[in-house]
Ligand code: NAD
Ligand code: ZN
Ligand code: ZN
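Numbering (full-length UniProt numbering), first residue to last: 1 to 362.
Printed below as a string of structure tokens:
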């Protein structure tokens, strides 16, 4: 058993509390990882807000980390102590019918199908003050040591800087992949990205890499525009600057709407606005932002009847164990610069300050 620090969420709506926790050794098929760095994704904030009713508290959040294998359980063959790894919040078991389908990245062992609040054997490896603490998405990267099923761990290049490539655990591949995989942005096309936080900026990078000629960033926080432009946005607009709905503004700016639109915020009204912003016949809209589970979106069916395609994505469509190590190699070859997404670096003791910065749009 390892004693270390972790940021524990004891209840919905409460700040995280940095505690000493005990982390049990990995059982068969599990890996214990020393987490070196973790990002904060808005999905962790959704968790603290109580948007996931099937997640039990107390829980250790965090799902965008990188670390080093400390020990492995019986039967683990794909990683060994000392290997650098990225924990995968979307696993790839390699055996289920979805993993065997080349078109799918949704492993049937993913958290949407199987509650991942405990490890697969329905027990937790974390205790604190004598209480069992739940896991989050089987990765819980807000702990200095965490235990993860082998099929939710990807071995990466030993040269990778863990304080940078931790972003390849969620935010960057989600956004970048949304443009490349589900949307399949074509060269010369026009794109609109609703919300240019960490994930939305990664969508901008993906659209640019795919050769889009016009990329319109839409955000209510104009402080986000400088970075969006640096990464390839050609226009930046705030819905607050217009009297008419933003979908009408975008349709006028482009003639008949954009070829591809992306919702990267997580509100019902921006999801329907993003859908209405793309070409009524050939447009493709990809939903990336998350709404509380059980939410309902109402829409005019004509929006789809005229031919538009509306899709969603988890983690940008990548088969995670196959693709994350390749993305790390591309990062090392400087094929993209995800470091631009890093705005602040804080010690774990200041994790709540990190969430304050996220809420303040910083
Ligand atoms: P973030 O907080 O960094 O960015 C959100 C951005 O949206 C901010 O820049 C904010 O100013 C902007 N915004 C808020 N309200 C707006 C409005 N009404 N109009 C225009 N812009 C508005 O968040 P993030 O970490 O980039 O995550 C974005 C969303 O993506 C979240 O909902 C998150 O849960 C989701 N997400 C989904 C996946 C997936 O696999 N589908 C993965 C990661 C994150
Ligand atoms: Zn995330
Ligand atoms: Zn699978």
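Built from N, CA and C at the ideal position, the CB exists for glycine as well.
*What's the C-alpha gap between residue 296 and residue 233?*
By 1-based counting over the chain shown, the position of residue 296 is 296. By 1-based counting over the chain shown, the position of residue 233 is 233. Their backbone Cα atoms lie some 31 Å apart in a straight line.
*asked:* Can you determine whether any heavy atom of ligand 2 sits closer than 7 Å to the C-beta of residue 75, and answer yes or no?
replied: Here residue 75 refers to the residue found at position 75 when the chain shown is read from its first residue. No, ligand 2 has no heavy atom inside 7 Å of this Cβ.
*Neighbourhood of residue 313 by C-beta distance below 8 Å, restricted to the same chain and skipping five residues each side*: Indexing the chain shown from 1 puts residue 313 at position 313. Answer for residue 313: 174, 177, 178, 181, 182, 286, 287 and 288, listed in chain order.
*asked:* Can you tell me whether residue 323 sits near ligand 3, meaning its C-beta is under 7 Å from at least one heavy atom of the ligand?
replied: As a position in the chain shown, residue 323 is number 323, starting the count at 1. No; taking the cut-off as 7 Å, the Cβ of residue 323 has no heavy atom of ligand 3 nearer than that.
*What residue from 349, 347 and 343 has the CA that sits closest to residue 357's CA?*
Here residue 357 is taken as the residue at index 357 of the chain shown, counted from 1. It is 343 whose Cα lies nearest to the Cα of residue 357.
*asked:* Just verifying my parser: in three-state terms, what is the DSSP assignment at residue 125?
replied: Within the chain shown, the letter at position 125 stands for residue 125. Correct three-state label for residue 125: coil.
*Could you tell me whether the Cβ atoms of residue 89 and residue 137 are closer together than 8 Å?*
Taking the first residue of the chain shown as position 1, residue 89 is located at position 89. Taking the first residue of the chain shown as position 1, residue 137 is located at position 137. Yes, they are a contact pair.
*Host beta strand (DSSP E) of residue 236 (start-end)*: Along the chain shown, read from residue 1 onward, the residue named residue 236 stands at position 236. Residues 235-237.
*Taking residue 274 as the reference, give the member of 263, 336, 33 and 97 with the closest Cα.*
Working through the chain shown from its first residue, we reach residue 274 at position 274. It is 263.
*Near ligand 2: residue 294 beta-carbon under 7 Å from a heavy atom*: Within the chain shown, the letter at position 294 stands for residue 294. Residue 294: no, Cβ never under 7 Å from ligand 2.
*May I ask you to list the residues that DSSP assigns as paired with residue 218?*
By one-based count along the chain shown, residue 218 stands at place 218. DSSP lists 194 and 237 as partners of residue 218.
*Counting only runs that start and end within the UniProt domain "Alcohol dehydrogenase-like C-terminal" (198-326), where is the alpha helix (DSSP H) found for 4 or more residues in a row?*
198-209, 225-230, 246-254, 268-277 and 302-305
_Reference residue 318, options 39, 5 and 168, closest by Cα_ = The count along the chain shown starts at 1 and reaches residue 318 at position 318. Of 39, 5 and 168, the residue nearest in Cα terms is 168.
*Looking only at C-alpha atoms, which of 301, 278 and 65 sits nearest to residue 34?*
Position 34 of the chain shown holds residue 34. Of 301, 278 and 65, the residue nearest in Cα terms is 65.
*Run the CB neighbour count on residue 30, radius 10 Å, all protein chains shown included, and call it buried at 16 or more, exposed below.*
Numbered from 1 along the chain shown, position 30 holds the residue referred to as residue 30. Label assigned to residue 30: buried.
*Please report how far the alpha carbon of residue 156 lies from the alpha carbon of residue 84, in whole angstroms.*
Within the chain shown, residue 156 is the residue found at index 156, counting from 1. Within the chain shown, residue 84 is the residue found at index 84, counting from 1. Taking the straight line from one Cα to the other gives about 6 Å.
*Of the residues 252, 222 and 37, which one's Cα is nearest the Cα of residue 241?*
Residue mapping note: residue 241 aligns to position 241 of the chain shown, counting from 1. It is 222 whose Cα lies nearest to the Cα of residue 241.
*Grouping DSSP H, G and I as helix and E and B as strand, with all else coil, what is residue 180?*
Counting from one through the chain shown, the residue named residue 180 turns up at place 180. Residue 180: helix per DSSP, three-state reduction.
*Report the partner residues of residue 145 according to the DSSP bridge assignment.*
Position 145 of the chain shown, counted from the start, is the residue given in the question as residue 145. Its beta-bridge partners are 34.
_Three-state secondary structure assigned by DSSP to residue 134_ = To locate residue 134, count along the chain shown from 1; it is residue 134. Correct three-state label for residue 134: strand.
*Excluding the 5 residues preceding and the 5 following residue 208 in the sequence, name in chain order all residues of the same chain whose CB lies nearer than 6 Å to its CB.*
Against the chain shown, residue 208 aligns to sequence position 208. Counting only Cβ-Cβ distances below 6 Å, and skipping sequence neighbours, we find 232.
*For residue 101, count neighbouring C-beta atoms within 10 Å of its own C-beta (all shown protein chains included) and say buried if the count is 16 or more, exposed if not.*
Here residue 101 is taken as the residue at index 101 of the chain shown, counted from 1. The residue in question, residue 101, is exposed, as its Cβ has fewer than 16 Cβ neighbours within 10 Å.
_So, for residue 261: in the same chain, excluding its five sequence neighbours on each side, which residues have a beta-carbon less than 6 Å away from its beta-carbon?_
Locating residue 261 in the chain shown gives position 261, where the first residue counts as 1. Same-chain partners within the cutoff: 192, 274, 277, 278 and 285.
_Which residues does DSSP list as the beta-bridge partners of residue 5?_
Here residue 5 corresponds to residue number 5 of the chain shown, with the count starting at 1. Paired residue(s): 20.
_Distance check for residue 294 and residue 308, CA to CA, integer angstroms please._
Translated into the one-based positions of the chain shown, residue 308 becomes position 308. Translated into the one-based positions of the chain shown, residue 294 becomes position 294. Each residue's Cα considered, the two are about 24 Å apart.
_residue 169 - DSSP class collapsed to helix/strand/coil_ = Here residue 169 is taken as the residue at index 169 of the chain shown, counted from 1. DSSP places residue 169 in helix when its eight states are reduced to three.
*Out of 212, 350 and 184, which has the shortest C-alpha to C-alpha gap to residue 15?*
Position 15 of the chain shown, counting from 1, holds the residue named residue 15. For the residues 212, 350 and 184, the minimum Cα distance to residue 15 belongs to 350.
*Which of helix, strand or coil does DSSP assign to residue 49?*
As a working note, residue 49 is residue 49 in the chain shown. Three-state DSSP puts residue 49 in a helix.
*Residues of its chain near residue 353, where Cβ-Cβ distance is below 7 Å and the 5 sequence neighbours each way are ignored*: Mapped onto the chain shown, residue 353 falls at position 353. Cβ within range, chain order: 346.
_Which runs of the alpha helix (DSSP H) at least 4 residues long sit entirely within the stretch 96-124? Give them in chain order._
97-100
_With a threshold of 7 Å (Cβ to nearest heavy atom), would residue 319 be considered close to ligand 3?_
As a working mapping, residue 319 is identified with position 319 in the chain shown. It does not: the Cβ of residue 319 is nowhere closer than 7 Å to a heavy atom of ligand 3.
_Cα-Cα separation, residue 9 to residue 121_ = Sequence index remark: in the chain shown, residue 9 carries index 9 (1-based). Sequence index remark: in the chain shown, residue 121 carries index 121 (1-based). Looking at the two C-alpha atoms, the distance is approximately 22 Å.
_Is residue 108 near ligand 3 - that is, is its Cβ less than 7 Å away from at least one heavy atom of it?_
The sequence position of residue 108 within the chain shown is 108, counting from 1. Yes; taking the cut-off as 7 Å, the Cβ of residue 108 has a heavy atom of ligand 3 nearer than that.
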